[in-house]
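Everything in the sequence shown is counted per our numbering, starting at 482 for the first residue and increasing by one. The C-beta atom is built at its ideal place from N, Cα and C for all residues, glycine as well. In this text the structure is predicted, and so the values were computed from the model without any measurement.
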Amino acid sequence: MTNLHHAVVLITGANGGLGTEFVRQALERGAAKVYATARNPREWGDDRVVPLALDVTDEASVAAAAAAASDTTVVVNNAGAIGGQPMLSVGLDDVRSLFETNVFGPLAVAQAFAPVLVANGGGALVDIHSALSWHAGGNAYSASKAAFWSITNSLRLELAGQGTQVVGAHLGYTDTPMIADLDVPKERPEVIVAAIYDGLEAGAHEVLADDTSVYVKSALSGELVGLYPELAVRR
């Protein structure tokens, strides 16, 4: 169980729609300091927010951030990239690039900040997943999120011994600039972030932040055609 009151929170991908909301609500819940990280950090107009350069795909950048933010007690692994090309037609270099951001990047952050968190009492690592971790969209994005989910499950076991709470957070479409062009129902970022922080403070291992995530996870125990009805017409 992790209390955000007086916490020092580091958020990756803080300039994005969800990241900005993570910053805002951390402060609202009483965080003493928030490291708002991005490849090109911006000013926030609040002395409690420390802009910090961080490229999760660059190991030197990750190491420098861990050294600069050595008082961190909560890490929110939020940075990510999207890609929707079909698996059989996308270039392998594009797939590797997506995995660098969505899989190896957050793992590098976890590796660099695990010693920081234990030095500060254990703290918490929050990994931002997707309902697509459990539902293949026929593209590399869902594959990367599935891989990240599996990594989080391993990290949860590895970090338990040092008293670090690991939260895997799943969400469906959220109204952020990243998916602004998609004409689909979307949840509000403030609702998603509130659910994730509520789960963190309640001691949860996993947060299903919206109805989409609840439905998709519940369908995993059923037949594949339940998740992929298109398979039923291809027999």
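Straight-line spacing of the CA atoms in V490 and E639 works out to 21 Å. Non-local beta-carbon contacts of A628 in its own chain, meaning distances under 6 Å to residues more than five positions away in sequence, involve V584 in chain order. Non-local C-beta neighbours of A560 in its own chain, meaning closer than 6 Å and more than five positions away in sequence, comprise T493, G494, V537, ordered along the chain.
For E687, the enclosing beta strand (DSSP E) stretches over residues 687–689. Short of 6 Å from the beta carbon of M482, and not among the five residues preceding or following it, lie these beta carbons of its own chain, in chain order: G684. For A690, the CB contacts under 7 Å within the same chain, skipping 5 residues up- and downstream, are A650, H651, L652, I673, A676, I677 in chain order.
Burial state of G703 is exposed, judged by a 10 Å Cβ sphere holding fewer than 16 other Cβ atoms. Secondary structure note for D574: its alpha helix (DSSP H) is the uninterrupted segment 573–580. Note on geometry: alpha-carbon atoms of T693 and E581 lie some 26 Å from one another.
In the DSSP assignment, V590 falls within the alpha helix (DSSP H) that extends over 586–600.
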